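Student: Input: one structure, supplied below.
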Amino acid sequence: MQNKPAISVKEIAWEIVAKYELAAKNEGLSFAKNSVYHGFYYNDILFGIGALLYRGKVCTFKSHFVFPPFRKRGLYGKAFLLQKEIAFSKGIRYLYGNCTKMSVGTHIRLGAEVVEEFRNGITRVRYENIQ
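All you need for the working numbering is the position in the sequence shown, starting with 1, plus 1156.
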């Protein structure tokens, strides 16, 4: 019997994030040092990065970048749910994010509510911690 692939999310240092900054920038993403970054792992292999920016009872997920060879496999959604649990475990009431066309469908499937659509193609979504 084959083991299921393990998805995990771990806090990572800025030095790891910085290695992927140019590739992310080429896709319109930016990384900011004032956020808490997590590595997304598939069987202990780093496949993406995502940040959380905490402000009181509100948190914003941002700069989520999945490396091209790992896209379209359903890995991001599983990793994001783990990251969302991390935010909510800290007492966050709302988790917001500005999504590109590449990720908005995933967030809607995961239960996000669309709160605003911008002319530049970005969609703002929100998750609510109802615990």
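Every residue gets a Cβ at the ideal spot worked out from N, C-alpha and C, and that includes glycine. From a predicted model like this one, the values you see are computed outputs, not experimental measurements.
Could you check whether residue 1249 and residue 1285 sit closer than 8 Å to each other, using their CB atoms as the reference points?
Tutor: Yes, they are a contact pair.
Student: Note down the Cα distance separating residue 1275 from residue 1217, rounded to an integer number of angstroms.
Tutor: Roughly 20 Å between the two C-alpha positions.
Student: In three-state terms, what does DSSP make of residue 1266?
Tutor: Note: residue 1266 maps to coil in three-state DSSP.
Student: So, helix, strand or coil for residue 1189, using DSSP?
Tutor: Here residue 1189 sits in coil by DSSP.
Student: Can you tell me whether residue 1219 is buried or exposed, with buried defined as 16 or more other CB within 10 angstroms of its CB?
Tutor: Buried: at least 16 other Cβ atoms inside 10 Å.
Student: Straight-line CA distance for residue 1245 to residue 1213?
Tutor: Answer to the nearest angstrom: the Cα atoms are 11 Å apart.
Student: Kindly list the residues whose CB is nearer than 8 Å to the CB of residue 1174, restricted to its own chain and excluding five residues on each side of it in sequence; keep chain order.
Tutor: For residue 1174, where only same-chain residues beyond five positions count, the Cβ hits under 8 Å are 1187.
Student: By the 10 Å Cβ neighbour count, where 16 or more other Cβ atoms means buried, how is residue 1251 classified, buried or exposed?
Tutor: Flag for residue 1251 reads buried.
Student: Give the single residue among 1256, 1237 and 1257 whose Cα lies nearest to the Cα of residue 1283.
Tutor: Looking at the Cα atoms, 1237 is the closest of the given residues.
Student: Can you check the stretch 1216 to 1257 for any beta strand (DSSP E) of at least 3 residues that lies completely inside it and give the ranges in chain order?
Tutor: Complete beta strand (DSSP E) runs here, min 3: 1250 to 1255.
Student: Can a CB atom of chain B be found closer than 8 Å to the CB of residue 1242?
Tutor: Note that chain B does not occur in the displayed structure, where there is just one protein chain.
Student: Can you name, in chain order, every residue of its own chain whose Cβ lies under 8 Å from the Cβ of residue 1183, other than the five neighbours on each side?
Tutor: Closer than 8 Å at Cβ, skipping near neighbours: 1221.
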